[in-house]
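Worksheet: the structure to be examined is printed underneath.
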Amino acid sequence: MPRGMTIRDFLGSLSATRLPRNEARLLIAHVLHREQSWLIAHDDYEFTMSELEALSLLTDRRSAGEPVAYLLGEREFYGRAFRCSPAALIPRPETELLIDCALSLIPVGSAADTPLHVLDVGTGTGCIAITLALERPGITVTAVDISRDALALAEANAQLLQANVTVVHSNWFTALPLHAQFDLILSNPPYIVPGDAHLVQGDLRFEPAVALADAVDGLESYRQLALGAQRHLKSGGRLIVEHGYDQGASVPALLSSAGFEDVTTHRDLAGHPRVTAARKR
3 MPRGMTIRDF LGSLSATRLP RNEARLLIAH VLHREQSWLI AHDDYEFTMS
53 ELEALSLLTD RRSAGEPVAY LLGEREFYGR AFRCSPAALI PRPETELLID
103 CALSLIPVGS AADTPLHVLD VGTGTGCIAI TLALERPGIT VTAVDISRDA
153 LALAEANAQL LQANVTVVHS NWFTALPLHA QFDLILSNPP YIVPGDAHLV
203 QGDLRFEPAV ALADAVDGLE SYRQLALGAQ RHLKSGGRLI VEHGYDQGAS
253 VPALLSSAGF EDVTTHRDLA GHPRVTAARK R
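In my numbering, each number is its position in the sequence shown, counted from 1, plus 2.
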């Protein structure tokens, strides 16, 4: 009886494709419902026909450019697995800097009787809101998004990770009560300029355009955030935003002109300006 295709055979056949081995191992582990470490010790495992068909389909989709996070249905962020779908932007390592900046402002063990109120604007998968809620259990977290599909995904992630987060369907701040006040407002908003060549390259082709690019000049999201934050931040409250590596001057200048103080920009691991924090007077 002919021998079936093994993990070793499949990985050896990749020279004829553009699929990197590390991605191939992720897909194999997903199909087999195994950890990647298991694959190393069992590279002589023979795929069943159904497993091989599933793997072939995933390989074709990835070769066509579809993001691995969408193929697997999840992406790790701040040490936790978040469900992903084309309804929302895929969580990225750069955004963990925004979390670090926020956590530095939230005391560990914040008193439950006077909890800090945090708002995540444009929550997507909910990775920012949920991570903060889990890292600082004493705070109150609200997450808003214009996309109902994204909100459903965020709610599913909150339930899966057992995070206490309130999700609200809202276009920016419009659905929030006028009197709603927060100690901290965070956002990783759309900041790519419309027509940018990157929007039709790589993973970005498959992600929701509304989560990537604004309709004006790449800064409109920050104008909306500055306006809403001035209304909904408590005095002394902080606005923390992620932005493009090439917006390290324009975003801080915009926030300063909007009346914010102590405007500080933080650099990511690549040395690029990535996150800016500002304080309301």
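Here a beta-carbon is modelled for each residue, glycine too, at the ideal position from N, C-alpha and C.
DSSP places E263 in the uninterrupted beta strand (DSSP E) bounded by E263 to R269.
In this structure, P196 sits away from V212, with a CB-CB distance that is not shorter than 8 Å.
Judged by beta-carbon spacing, L21 lies within the 8 Å limit of T61, meaning their Cβ atoms are closer than that value.
The three-state reading of DSSP puts D46 in coil, since its state is none of H, G, I, E or B.
If you compare the alpha carbons of H35, L73 and Y47 with that of L13, the shortest gap goes to Y47. Here E76 is buried, its C-beta having at least 16 other C-beta atoms within 10 Å.
When secondary structure is reduced to three states using DSSP, F184 falls in the strand class.
Around the beta carbon of G67, fewer than 16 other beta carbons sit within 10 angstroms, so the residue counts as exposed. Pairing I242 with G220 gives a Cβ-Cβ distance that is not under 8 Å.
Inclusion of E244 and L100 in the CB contact set at 8 Å is warranted, their separation being smaller than that value.
Along the length of the region 31–104, whole alpha helix (DSSP H) runs at least 4 residues long occupy 38–43, 51–65 and 70–74, reported in chain order. Counting only the Cα atoms, P88 lies some 34 Å from R281. The continuous stretches of beta strand (DSSP E) do not include D151, which lies in the alpha helix (DSSP H) extending over residues R150 to L163.
Nearest to F175 by C-alpha distance, out of L74, F208 and G230, is G230.
Judged by DSSP secondary structure, S237 falls within the beta strand (DSSP E) whose first and last residues are L235 to E244.
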